Every structure is written in structure tokens, then in C-alpha cells.
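Visitor:
Protein chains in written order, with the UniProt record's numbering: chain C, 1 to 338; chain S, 1 to 338.
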């Protein structure tokens, strides 16, 4: 099949690789209808994470089930499915406790930017969409593979509550979905930190009531001014750098939580500040499968439209241009169609 | 007055110092009925925190109001009061949000091991005990100045819930109070980590169902075995060292919280582990005043008896011996009577 492969820093190619196949009886193979590029794919692209040259890349996709293993009972060939980037059996002790991203049989999509993807623990992982979804729904369904549940996880971990104030640090696709999640969870005032006009527009469309376009101490001061000196009731950290984490902790009201979902890179947590100000931290890799049924319902009934984060769509052959556009911040998030 | 002063490493003296006086109209002066030595007093005692030679030490006491400032309305001369170690106005934006330990008018008891103590923000800080409490209640009332609300804060921050499993790291007075708090908040299984038989006995009396007497990886393994491989639903970190924090994170089930109340000393938070396992951290300096009314009620009606953590009582003149006994772990917690 044709699949996206990474060969080094800023070296993304569309290559011919062996088709994925059923390796375990709990696997399924999905024919990809749409995949996309994640902000976290930019870490290896930029040389910040090590890569194995020639490996496939891409963990977000939706598609149609092409083949299932002998033990797959609920998912059928022909089902249109959302593929959580993190696969789970949905029955183990951690899944039962609602933390599917710690499943004892955890797996990942590894060829989401390709023609086919192998899904482990198919019955636990996949959620079928009723019938064949309208083409207009494709972007929002694709957002359910990662960014929307991840933004949602940030909001849940931060303890967003009806009537409260939320700050969202980060204006990437996850941050924007975090705004949407905070709105949906009832936050009354949502302060989005963004310096980019097109992203500010989406943040506002998703429910942001205020935009803070400065950084660092100025950003903290702006949040304090907007919250009567108190700080925010909940802060969503959707970047993963040390600077963004510091901003998050300073924007949070004493007694509140920072919900973090950006894979930490070079973060040194300020334990003294956390202790002194009673600001906690929760979050991590999102348990996508946990949130999927609820979020799928919200997409299908038109309540949320997270697909708005896709502002560029390319055929699979354009994947290298897609990475470049995201790297240069010309695109928020790129959808790829095989 | 006679007051405890610190002059250097392991140099504690009872000295004659000027009486504290009303400095602001919101102050009160309390004649100390009982004070005590805190585990955190051992940090400067052991030379791990810097000291100013000759300064008074001691932040926990109860007593009778001797004098009030012109603006004190609710607290009266003659009231028997519990003195939270952290003083607050109980009206500012942070107090209103339930985080009195971040009060904009935050103050501290600085001569709790003495004849008199000055309390700032007397109306906000002090809680009067009805009438004159029976002598048998003195230890438990004294525990309300710090260790019991601090253990309670750990349990609340860790998210202890009815029917769940809680692990308590640390068998000092705060850890033991954490066990009592977890029991009161409904934890069904409470695993106390303790290697000291007298402390194990109190932990059991306070509600611990299991004792883990090993440390480090062995302790983690023991908790996993006791929890069917899942880890605990809530972990109370009541020490503040890097080792105890690591143990806490490893004992926690994915998706749960570590509640920390031990002042961090040399702690480097494992952000990668926290992210990967979705184990959060919350807590800090306890908002004692927030919890006092509820905890005072539980002490007065005999539901809880946190005063059991005091296993040595000395006259004020014996304070140096009290420090030595706690330093050598011959005593869990020492009460001082002026």
C-alpha cells in the first residue's frame, strides 16, 4: 500500500510498504477514508524525537473495516469506524476504571496517513458510525480519533465546571478542541491564548469569550485582570513545553487544576509553586475510547463541529507539503485523503 | 514571656522574649493552653532549612483569647480557640473559593511553643470552641491546628471516595491523620505504609486495613498485589521527599490523584510518568480554616480522636527534649504545656 514514512528531520515521503495484516485474532484492518497530521507528528519531523528511518507515521484516521480477526465479535466488515489513536480492550482493570489509555493491552495506530491501518483490540477500540456518514461529517469524525477527545480530556482533567472560568494555553488543533470542550462542559468564561488571527477566529467560534495574544508574564497578568485577580478556575495546557506549563500554573487560581495533554518536552514541574499555590496537575494521554460514544453523539446531532480545525485538505500524495504547512504554521491541521 | 527559640542545628532553647502584642486592629493575642512540635519543625532543627538564630519557632497551638484588636468583632476575650497555623481573613477571593491557605492576608502562628501567640486576621482565622473544653479533649483540639486538617487536605486532594482504596505514604502525625481522614471520607480499604510498630497500631486504630512495612519498589509491588494489580484509587503523600513522592506515584492507579501535603524537599516530579500513567498531583499547604468547623464538630461529638497522635507530653521547659525525641523517632508527636 501507499503509506507516509519518515526518514529523518523534515524528510517525509509517500512510500510503497507491505499492507498491514491481521496479526492477532483481535485485530482488524481498516481501509482509511481520511487521515491527518497531528501536532505531535511535528516533534519527530523537527528532529526533536528520534526516528527509525523508513517507519510509517500517523496515528489518526477513520475508515471502513476491511477485515477482522477470528475473535472479533462486535465490529463487522463494512462498518464505518472511528479509530482511537490509542487502542484498548475496554475490559481490563484500567479500562473498567475509565482510563483506557492505560489498558493492559494498549496499542496504537501506526499507519494513519496511509491506505490501510491495523487496529489492535478491534472490539474494544473501534466505535462504529451508524450507516454511511455524509461527506460533510468526515472532518468532525476524523477529529474524534485524537484531537477532540484529547482537548476534552484536558477540560475534564482541569475540572471545568458549569459557570466557571477556563484558560486554554495553546491554539493548535487540540487547544481549539479544548475550547470547544470547555464550552460544552459549561464554562462561562473561556480565555484562549492565541497570537494567530485565523486560530483566534476558530477559538471564538468554538466558544472563547476572550483572547489573550501575549505570552509569559504578560499573559498571566492578562488572565488575572480578566478574573478579578483570582486566576482561572481551570486551565487546559495543550502544548507540552516548559514555558506553556509555567504560564498554565500562573494563570490558575489557588485550589484549581491544570489539565495537561501536550506530550511534555523539557518540562520541569514547579513543585514549590504547585505546593505553595495549591495548584494541581492532572491529565496525560487521553482515554479516547472512554469519551467516544458521547462525543460521537455530539458530532452526529450537530452540537459540536470539531472538524473546523482542518483548514487544509490534501490527497495522500501531498503529505510532505502538509507537514511543511503545519511546521510553518500556514495550516492548523491537515486532512489527508488516500 | 517564655518561648521556644531556635539557634542553629539541633539547638532549641526556652528563652525569655518580648510578649507578642496587638500590631494591627485585626489581631488577637492568645494565651497558649497547649502547643506542639510539628514534623516540619524538624527540617530547620536538622539544618535542612536555614534559620535566623534566636527566632521563635512553633506554629501549632490552642488557647484562650487574651486580647483583641479594635476591629475584631466575632472573637471575644476569654474564648477558647483553635488557632489555624495559617491565618486568613476568610473573605478574600481565594478564601471565598475555599483556598484559605492562599489568602491575600495570609499570616502564620510564629510562637506556638510559647506562653502567648499573636494571631493575625483573628475573626477570619480563629474558631471558638463552645464553653471550656474538657481536659481530655485538649490533644484532639490541638491536632486541629495543623496535622488533622493537613491529613484531611491530603485525602480531599487525592480524591478519596466512599468504597475506594487509599494508600497513605508516611506514618508521621500527618500521615496518621490522613488515615483517619480517608476512613472518615469512606475509603473501604486503607493501606498505611509504616515500618514502626507503635505507628502501625495507631494507623490501625484510625482505620487502616492493611500495613505495608517495606519501601520503594517492594512497597509498590505490595500495593499492586493488594489492589488486584490496579493500584490505589487515591494516594496521600504525607512526607515530602523525592523517594516518598515516587512511591506515591507508583502506588496510584492510572487516572487517580496523589494528594500531597508534605512540604517538598528535593522533589523532582516525574512528569513523563505522570503523563504516561495519567496520575495527577494536587494539594499543598492546607486551608485549615476551611475544614475547621466540620472537623471541630467531629472531635466534639467523639467521631474522631486525632489527639492519639500525641504520645509524649512535656512542660514547655522540656521542649528541647521534645525535639530530640521526635528527631530520633522516639515520639510521634510531642505536646507542650506552658
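Note that CB positions come from ideal geometry on N, CA and C, so glycine has one too.
These numbers come from a predicted model, not from an experiment.
Tell me the DSSP bridge mates of residue 314 of chain S?
Guide: BP columns for residue 314 of chain S point to S:336.
Visitor: Measuring straight from C-alpha to C-alpha, what distance separates residue 240 of chain C and residue 122 of chain S?
Guide: Each residue's Cα considered, the two are about 43 Å apart.
Visitor: Return the chain-ordered list of same chain residues with a C-beta closer than 6 Å to the C-beta of residue 208 of chain S, the five sequence neighbours on each side being excluded.
Guide: Correct list, in chain order: 179, 190, 192.
Visitor: Can you name, in chain order, every residue of its own chain whose Cβ lies under 7 Å from the Cβ of residue 73 of chain C, other than the five neighbours on each side?
Guide: Cβ neighbours of residue 73 of chain C beyond the five flanking positions: 123.
Visitor: In angstroms with no decimal places, state the Cα-to-Cα distance between residue 100 of chain C and residue 210 of chain C.
Guide: Looking at the two C-alpha atoms, the distance is approximately 33 Å.
Visitor: Along the chain, where does the beta strand (DSSP E) containing residue 33 of chain S start, and where does it finish?
Guide: Where residue 33 of chain S is concerned, the enclosing beta strand (DSSP E) stretches over 28-36.
Visitor: Within a Cβ cutoff of 6 Å, which residues of the same chain sit near residue 307 of chain S, ignoring the five residues on either side of it in sequence?
Guide: The residues are 139, 140, 143.
Visitor: Go ahead and pull the three-state DSSP assignment for residue 236 of chain C.
Guide: Reduced to three states, the DSSP call for residue 236 of chain C is strand.
Visitor: Might you give, ordered along the chain, the residues of its own chain that have their beta carbon closer than 8 Å to the beta carbon of residue 304 of chain S, omitting 5 neighbours on each side?
Guide: Here the set comprises 140, 148, 180, 184, 295, 298.
Visitor: Name the DSSP bridge partner or partners of residue 107 of chain S?
Guide: Answer by DSSP bridge pairing, in chain order: S:87.
Visitor: On the DSSP bridge list, what partners appear for residue 11 of chain S?
Guide: For residue 11 of chain S, which the question treats as bridged, DSSP gives the partners S:8.
Visitor: For residue 206 of chain S, is the classification buried or exposed, using 16 other Cβ atoms within 10 angstroms of its Cβ as the cut-off for buried?
Guide: Its Cβ being crowded by 16 or more others within 10 Å, residue 206 of chain S is buried.
Visitor: Looking at the secondary structure, which residues open and close the beta strand (DSSP E) in which residue 165 of chain C lies?
Guide: 165-169 is the extent of the beta strand (DSSP E) around residue 165 of chain C.
Visitor: Please state if the CB of residue 32 of chain C and the CB of residue 81 of chain C are separated by a distance shorter than 8 Å.
Guide: Not a contact, by the Cβ cut-off of 8 Å.
Visitor: By alpha-carbon positions, which one of C:263, C:261, C:270 ends up nearest to residue 250 of chain C?
Guide: When each option's Cα is compared against that of residue 250 of chain C, the closest is C:270.
Visitor: Alpha carbon to alpha carbon, what distance is there between residue 166 of chain S and residue 253 of chain S?
Guide: So the two alpha carbons sit approximately 10 Å from each other.
Visitor: Taking the continuous beta strand (DSSP E) assigned at residue 281 of chain C, which residues delimit it?
Guide: Residues 280-283.
Visitor: Taking the alpha-carbon positions, what's the residue 311 of chain S to residue 42 of chain C distance?
Guide: When rounded, the distance between both Cα atoms is 59 Å.
Visitor: For residue 108 of chain C, go through chain S and note every residue whose CB falls closer than 8 Å to its CB, in chain order.
Guide: Simply none; closest approach about 13 Å.
Visitor: In this structure, does DSSP put residue 148 of chain S in helix, strand or coil?
Guide: Here residue 148 of chain S sits in helix by DSSP.
Visitor: Does residue 148 of chain C come within less than 8 Å of chain S when only Cβ atoms are used?
Guide: No, residue 148 of chain C lies away from the interface with chain S (no Cβ there is under 8 Å from its Cβ).
Visitor: Quick one: list the residues of chain S neighbouring residue 271 of chain C, beta-carbon separation under 7 Å, in chain order.
Guide: Within chain S, the residues near residue 271 of chain C are 264, 267, 269.
Visitor: Step through the CB atoms of chain S and report whether any lies within less than 8 Å of the CB of residue 94 of chain C.
Guide: Closer than 8 Å: yes.
Visitor: Listed in chain order, which residues of the segment 291-309 of chain C have Cβ atoms closer than 8 Å to some Cβ of chain S?
Guide: Residues passing the 8 Å Cβ filter: none.
Visitor: So what does DSSP say about residue 71 of chain C, is it helix, strand or coil?
Guide: It is coil, neither helix nor strand.
Visitor: For residue 78 of chain C, go through chain S and note every residue whose CB falls closer than 7 Å to its CB, in chain order.
Guide: Going along chain S, no residue has its Cβ under 7 Å from residue 78 of chain C, so there is no contact; the nearest lies around 34 Å.
Visitor: What is the DSSP secondary structure of residue 62 of chain C, counted as helix, strand or coil?
Guide: Reduced to three states, the DSSP call for residue 62 of chain C is strand.
Visitor: In its own chain, which residues sit with a C-beta less than 6 Å from the C-beta of residue 63 of chain C, not counting the 5 before and 5 after it?
Guide: Within the same chain, residue 63 of chain C has close Cβ partners 30, 31, 32, 33.
Visitor: Looking at C-alpha atoms only, which residue of S:53, S:49, S:26 is the closest neighbour of residue 69 of chain S?
Guide: Closest option to residue 69 of chain S, Cα to Cα, is S:26.
Visitor: What are the boundary residues of the alpha helix (DSSP H) that includes residue 231 of chain C?
Guide: Neither: residue 231 of chain C is in no alpha helix (DSSP H) and is coded neither H nor E.
Visitor: Note down, in chain order, each residue of its chain lying with its Cβ closer than 6 Å to the Cβ of residue 188 of chain S, except the 5 sequence neighbours on either side.
Guide: The residues are 163.
Visitor: For residue 229 of chain C, go through chain S and note every residue whose CB falls closer than 7 Å to its CB, in chain order.
Guide: Neighbours of residue 229 of chain C on chain S, chain order: 93.
Visitor: Of all the CB atoms in chain C, is at least one closer than 8 Å to the CB of residue 281 of chain S?
Guide: So yes, residue 281 of chain S belongs to the interface.
Visitor: Tell me whether residue 132 of chain C is buried or exposed, calling it buried when 16 or more other Cβ atoms sit within 10 Å of its Cβ.
Guide: It counts as exposed.
Visitor: Chain S beta carbons: is any one of them nearer than 8 Å to that of residue 73 of chain C?
Guide: With 8 Å as the cut-off, residue 73 of chain C does not count as an interface residue toward chain S.
Visitor: So the beta strand (DSSP E) residue 258 of chain S belongs to, where does it begin and stop?
Guide: Residue 258 of chain S -> beta strand (DSSP E) spans 252-260.
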